[in-house]
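For reference, the structure discussed in these notes is given below.
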Amino acid sequence: MTRIAGAPIKSETRLEVMKLRLRIEKAAIQAVEDSFPGGIEPVKQRRIRDRLAFITVAYAKEAPLDELLGLVRMTRHVYSRTSDVLHGRSNMVNLPGAMLLEWEELVSRVEALQSLKVHPEL
Numbered sequence: 010m011t012r013i014a015g016a017p018i019k020s021e022t023r024l025e026v027m028k029l030r031l032r033i034e035k036a037a038i039q040a041v042e043d044s045f046p047g048g049i050e051p052v053k054q055r056r057i058r059d060r061l062a063f064i065t066v067a068y069a070k071e072a073p074l075d076e077l078l079g080l081v082r083m084t085r086h087v088y089s090r091t092s093d094v095l096h097g098r099s100n101m102v103n104l105p106g107a108m109l110l111e112w113e114e115l116v117s118r119v120e121a122l123q124s125l126k127v128h129p130e131l
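Residue numbers (my numbering): 10 to 131.
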């Protein structure tokens, strides 16, 4: 977590949480794209929580199913908690640093999985 000069800790935490949320959204969109190579996207669902399920489809060759299901479940949980923090619905607006690091590690695991995906069209 990088400190932003002059920003109060509360604002700094929210900025870091917002960055994580954007990374989760990007990962969910990438999972759908990786599930349907060739530009075909027969998915009408736009909710990020639902799109995260495509992690199990897109990366089935890169990791065991139980690991993928766990990643989806935990990423959905973190996504929900980021919403709570950003909208002030949490008593933990100033998240403990350890929790923020755990969330960052989880998102990094999903991104690492995506980087393993072989893209034959490239």
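For every residue, glycine included, the Cβ atom is placed at its ideal position computed from N, Cα and C.
Inter-residue Cα distance where the pair is residue i and residue j
i: I38; j: L77; result: 16 Å
i: T65; j: D75; result: 9 Å
i: R58; j: L31; result: 13 Å
i: E61; j: E111; result: In the sequence as displayed, the identity of residue 61 is Leu instead of Glu. Whole-angstrom Cα-Cα distance: 18 Å.
i: P105; j: G97; result: 15 Å
i: S124; j: K19; result: 32 Å
i: S117; j: L80; result: 11 Å
i: R55; j: G47; result: 19 Å
i: R85; j: D93; result: 13 Å
i: P73; j: E42; result: 20 Å
i: R23; j: K126; result: 31 Å
Cβ-Cβ distance between residue i and residue j below 8 Å
i: L122; j: E71; result: yes
i: E25; j: L109; result: yes
i: S36; j: V119; result: This sequence places Ala at residue 36; Ser is not what is there. Yes, Cβ-Cβ distance for A36 and V119 is below 8 Å.
i: A69; j: A40; result: no
i: S89; j: F63; result: no
Beta-carbon contacts of residue i that lie in its chain and below 7 Å, excluding the five residues immediately before and after
i: T91; result: V26, L29, R30
i: E113; result: L29
Close-in-space but distant-in-sequence residues of the same chain around residue i (CB under 6 Å, 5 per side omitted)
i: E34; result: I57
i: M83; result: L115
i: A107; result: none
Alpha helix (DSSP H) segments (min. 4 residues) lying fully within the segment 30-109: Annotation note: the segment 30-109 contains the following uninterrupted alpha helix (DSSP H) runs of length 4 or greater, listed N- to C-terminal: 57-60, 64-67, 74-95.
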